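Peer 1: Shown below is the structure under consideration.
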Amino acid sequence: MTYRIAPSILSADFARLGQEVQDVIAAGSDWIHFDVMDNHYVPNLTFGPMICSALKPHAKTAAGVAVPIDVHLMVQPVDALAAAFADAGADLISFHPDASGHVHRSVQAIKARGCQAGLVFNPAQPLDVLDWVIDDIDLILIMSVNPGFGGQSFIDSALRKIEDARRRISASGKDIRLEVDGGIKVDNIRRVADAGADTFVAGSAIFGKPDYKGVIDAMRQALQG
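Per numbering that gives the first Met the number 0, the very first residue in the sequence shown carries number 0; after that it's consecutive.
Here's what the structure looks like:
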């Protein structure tokens with residue numbers, strides 16, 4: 000299985016975001032995770048499409064290879080902002096099904112703009128909607144904390160949900176990424192992978208340390224172990 004590390008810029012130094020993105024890519028990250036909060040669906044306010052557009056030129060390796068921008072929309076309603084982020088350079092756009100009036104339509108609208116589409120599930124939310132849309136999505140994101148703020152502790156019941164999501168992906172026969180966001184650290188990333196996840200969002204665990212590469216290398220070592 001190919002594992003991906005997706006640092007969340009929610010925990011970066013906002014005064015130097017472009018440099019932070021470059022630094023974490025140089026340290027070995029695979030995606031840049033972009034947490035969009037609207038002070039409505041969640042009690043916090045973060046980044047708009049203009050920030051995504053401004054960071055897009057920085058989201059590449061030293062060799063000039065583009066690094067995907069993974070946008071997680073914690074907003075309601077979904078569609079207009081999803082379109083704006085697609086236009087701003089997002090590569091993957093995920094949203095919460097309970098924030099959309101018509102989940103299938105929102106998925107199709109994201110894909111029509113050339114982005115991959117994902118669904119996000121809060122800690123107490125069932126996966127039932129996947130019965131109807133799993134063939135249309137590219138990503139499932141399991142929240143292992145409650146959405147809205149960085150720095151929270153991992154909720155252990157998320158492991159059962161990750162296992163359930165992996166079973167659904169296997170049964171579908173589709174190539175769908177299984178991402179986990181919340182409380183991911185070097186000392187638990189292996190357990191989360193064993194439950195079935197292949198993509199790991201980490202914010203304070205990376206940006207809260209002086210050596211980004213050291214943390215990412217330690218995560219990869221734990222995954223290989």
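Glycine included, every Cβ here is placed at the ideal spot set by N, Cα and C. Here the structure is a predicted model, which means the values were calculated and not measured.
1. Could you work out which residue in ASP12, GLN21, THR1, PRO67 is closest to HIS32 when comparing CA atoms only?
2. Go ahead and label ARG104 buried or exposed: buried means 16 or more other beta carbons lie within 10 angstroms of its beta carbon, across all protein chains shown.
3. Is the beta carbon of PHE199 sitting closer than 8 Å to the one on ILE215?
4. Quick check on the burial criterion: 16 or more other C-beta atoms within 10 angstroms. Buried or exposed for LYS160?
5. On the CB-based measure, 16 or more other CB atoms within 10 Å of its CB, does MET142 come out buried or exposed?
6. Please determine if the stretch 75-82 and the stretch 171-183 are in contact, where contact requires at least 3 C-beta pairs separated by less than 8 Å.
7. Which ranges does the alpha helix (DSSP H) cover as unbroken runs of at least 4 residues, wholly within the stretch 119-192, from first to last along the chain?
8. For PRO42, which residues from the same chain have a beta carbon less than 7 Å from its beta carbon, with the 5 sequence-adjacent residues on both sides left out?
9. Can you list the alpha helix (DSSP H) stretches of 4 or more residues lying completely in the stretch 58-101, in chain order?
10. What does DSSP give as the partner residue(s) for HIS39 in the beta ladder?
11. Is DSSP giving SER28 helix, strand or coil here?
12. Buried or exposed for HIS71, please, with buried defined as at least 16 other CB atoms from any protein chain shown within 10 angstroms of its CB.
13. Put PRO6 into one of helix, strand or coil per three-state DSSP.
14. Using the beta-carbon count (16 or more within 10 Å), is ARG176 buried or exposed?
15. Specify, as a first and last residue, the run of the beta strand (DSSP E) that PHE199 falls within.
16. Once the 5 residues before and after LEU222 are set aside, which same chain residues still bring their CB inside 7 Å of it?
17. Mind checking who ALA111 pairs with in its DSSP beta bridge?
Peer 2: Looking at the atomic coordinates:
1. Walking along the sequence shown from the start, residue 32 turns up at place 33. For the residues ASP12, GLN21, THR1, PRO67, the minimum Cα distance to HIS32 belongs to PRO67.
2. The residue you call residue 104 lines up with position 105 of the sequence shown. Result: exposed.
3. Taking the first residue of the sequence shown as position 1, residue 199 is located at position 200. Taking the first residue of the sequence shown as position 1, residue 215 is located at position 216. No, Cβ-Cβ distance for PHE199 and ILE215 is not below 8 Å.
4. For the purposes of this step, residue 160 is taken as the residue at position 161 of the sequence shown. By the neighbour-count rule (16 or more Cβ atoms within 10 Å), LYS160 is buried.
5. Here residue 142 refers to the residue found at position 143 of the sequence shown. That one is buried.
6. no
7. 129-132, 157-171
8. For the purposes of this step, residue 42 is identified with residue 43 of the sequence shown, where counting begins at 1. Taken in chain order, the residues that qualify are GLY147.
9. 78-86
10. The residue you call residue 39 lines up with position 40 of the sequence shown. DSSP output for HIS39 lists no bridge partner at all.
11. Reading the sequence shown from its first residue, position 29 is the one you call residue 28. DSSP places SER28 in coil when its eight states are reduced to three.
12. The residue given as residue 71 occupies position 72 in the sequence shown. Burial call: buried.
13. As a first step, residue 6 must be located in the sequence shown, where it is residue number 7. Here PRO6 sits in strand by DSSP.
14. Taking the sequence shown and counting its residues from 1, the one referred to as residue 176 is at position 177. Under this definition ARG176 is a buried residue.
15. Walking along the sequence shown from the start, residue 199 turns up at place 200. Unbroken beta strand (DSSP E) run through PHE199: 198-201.
16. Within the sequence shown, the letter at position 223 stands for residue 222. Taken in chain order, the residues that qualify are TYR2, ILE188, ARG189, ALA192.
17. Position 112 of the sequence shown holds residue 111. DSSP output for ALA111 lists no bridge partner at all.
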